[in-house]
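Protein sequence lines correspond, in order, to chains A and B.
Heads up: the first sequence at position 14 corresponds to 14 in my numbering, and the numbers run straight through without jumps.
Heads up: the second sequence at position 137 corresponds to 1137 in my numbering, and the numbers run straight through without jumps.
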Amino acid sequence: MEAGAVRRAEIAIRFSEFEIPPMQDVLLVGRRAAIGPEAARRMIDALSPEQYDIVRVEHPVVEAVVVRKFILRMVPPERFIPLLLEEVSPIISEEAVIKAQVRITIHVSREVEL
Amino acid sequence: MNCEMRVRDIMTTEVVTVEPGTSVRRAAAIMEEGGFGCLPVVENGRLLGLVTSRDLRAAHLNRLVADAMTRNPIVAEPDVFLWEAAELLAAYGIERLPVVQQGKLLGIVTKARLWQFLAQYRDSLTGLYRGEILKEKAIALLEAGREIAVLFLDVDDFGRLNKRYGHVVGDAVLQKMAVVLQDLLHRERDLLGRYGGDEFAVVSVRSLAEARTLADLLCEGLSLVEWPNGLSVSASVGVAGGRRTRLREGDDLRATVSELFNAASLASTRAKRTKSGVVVVERLELITG
């Protein structure tokens, strides 16, 4: 190093809240993804016990869907999972793990006697 | 060794296993170091699955074994006969059979080890089971309360064929007959064996009426084959069968099965002598209570 030269380090720090669990409502696990559904279950059970279900699926690319139990209480899995797979199919690959945010609104309209 | 040996008698009990939380990378290393073709995946002594080299090749190295293993593998109870285990391996095209009792892994038996013990019960000319194994199969079926039938096939004029064309041609006829018969049988319902020189036998779970139909089918099948040296080869078939209706302690099933084979054998002799079609059916009373 030349005499008189100065060394400096510039440090930038960004703080943000860690999401628990670090996934959202749904995790779609590809058949050759780096983590499988069992590993996902262990991770999620450690962070948010008893809040998620694993649904293994017959699909050429997706091995399993990890989904918040609450969602399956609102929409039964036989309706929800095929819909989810249909929508994710064009973008997912065997190696991918994709998270999805799901918003469900239930519309109710009833008539009552006056 | 006798053909009543069971899987527990020959299984390897010192089995290298992995836990479901083991990484694929680690499992692959264990398999390579130990020269293993597969590893049982065990948790608290219970078998959860098997991880094979093929499973590992298809999985990401970062995965857990639990996410790469074959679930619900084919297993055997320790009391399964060796020939039954061999049938399982053949039916599913697998090389290894974990031995499990009430979910707990007791050991493992490989195809090679099984055949090391079973070789003496295979007929070297045709590759079929010999008579002892057929009888064991019949005993197991009767024990399970199944109706069984025994078909006894005797090649017509085989002695004369052997003398006229020589033993090499005779052997070729027997080998071809084994292949033809095997093709006409149903793997899950019938077990074919070579009983003696020119005698074949089938132990079947078919009813007597179905077995008679099968006998006709076998005879017809043989008539359609192109035999070595342009020969015309046929067989006489005897059929005997029945169901054991009562079971008492001390009943001699072995003697009952021998009677059944004997009746089928005598029926085939009668079929040959009388040339009465080719099938003679005998009903044997198997009530031993």
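For glycine and all other residues, C-beta sits at the position ideal for the given N, C-alpha and C.
Cβ of residue i less than 8 Å from any chain B Cβ?
i             : result
residue 96/A  : no
residue 46/A  : no
residue 81/A  : no
residue 111/A : no
With a cut-off of 8 Å on the beta carbons, I'd call residue i and residue j a contact; round off their distance for me.
i              : j              : result
residue 1192/B : residue 1238/B : That belief does not hold up - the Cβ atoms of residue 1192/B and residue 1238/B are roughly 15 Å apart, past 8 Å.
residue 1106/B : residue 1099/B : 5 Å
residue 6/A    : residue 37/A   : Incorrect: roughly 53 Å between the Cβ atoms, too far for contact.
residue 1253/B : residue 1143/B : 6 Å
residue 56/A   : residue 63/A   : 7 Å
residue 1080/B : residue 1006/B : 6 Å
residue 1027/B : residue 1065/B : 5 Å
residue 1241/B : residue 1150/B : 6 Å
residue 41/A   : residue 54/A   : 5 Å
residue 96/A   : residue 33/A   : 6 Å
residue 1034/B : residue 1016/B : 6 Å
residue 1047/B : residue 1103/B : 7 Å
residue 1037/B : residue 1052/B : 7 Å
residue 1011/B : residue 1108/B : 6 Å
Counting only beta-carbon separations shorter than 8 Å, does residue i have a partner in chain A?
i              : result
residue 1072/B : no
residue 1288/B : Low local confidence applies: a pLDDT of 48 at residue 1288/B is under 50, so the model's placement there is unreliable, and no value is given.
residue 1020/B : yes
residue 1025/B : no
residue 1001/B : Unreliable positioning characterises residue 1001/B in this predicted model, as indicated by a pLDDT of 43, which lies under 50. A coordinate reading is not provided.
Show which residues of chain A have a CB atom less than 7 Å away from the CB atom of residue i.
i              : result
residue 1067/B : 36, 37, 38 and 39
residue 1064/B : 36, 38 and 39
Mind pulling the chain B residues with CB within less than 7 Å of residue i?
i            : result
residue 33/A : 1060
- [ ] For the stretch 1196-1206 of chain B and the stretch 1121-1137 of chain B, state whether three or more C-beta atom pairs, one from each stretch, are separated by less than 8 Å.
- [x] Counting Cβ pairs under 8 Å, three or more are found: they touch.
Open item on the list: Check whether the stretch 1223-1234 of chain B and the stretch 1256-1266 of chain B touch, using three or more Cβ-Cβ pairs below 8 Å as the test.
Closed with: Taking 8 Å as the limit for Cβ pairs, the verdict is that the stretch 1256-1266 of chain B does not touch the stretch 1223-1234 of chain B.
- [ ] Could you tell me whether the stretch 1049-1069 of chain B touches the stretch 1147-1166 of chain B, using the rule of 3 or more Cβ pairs below 8 Å?
- [x] These segments do not touch.
Task: Contacting positions in the stretch 1038-1057 of chain B - beta carbon closer than 8 Å to chain A - done: Within the stretch 1038-1057 of chain B, not one residue has a Cβ closer than 8 Å to any Cβ of chain A.
- [ ] Indicate whether the contact test is met: 3 or more Cβ pairs, each with one atom in the stretch 1175-1183 of chain B and one in the stretch 1114-1132 of chain B, closer than 8 Å.
- [x] Yes, the stretch 1175-1183 of chain B is in contact with the stretch 1114-1132 of chain B.
Open item on the list: For the stretch 1040-1060 of chain B against the stretch 74-90 of chain A, do three or more pairs of beta-carbon atoms, one drawn from each stretch, fall closer than 8 Å, so that the two count as touching?
Closed with: Too few Cβ pairs lie closer than 8 Å, so no.
- [ ] Inspect the CB distances between the stretch 1183-1191 of chain B and the stretch 1106-1120 of chain B and report whether three or more fall short of 8 Å.
- [x] Here the stretch 1183-1191 of chain B does not lie against the stretch 1106-1120 of chain B, with fewer than 3 beta-carbon pairs under 8 Å apart.
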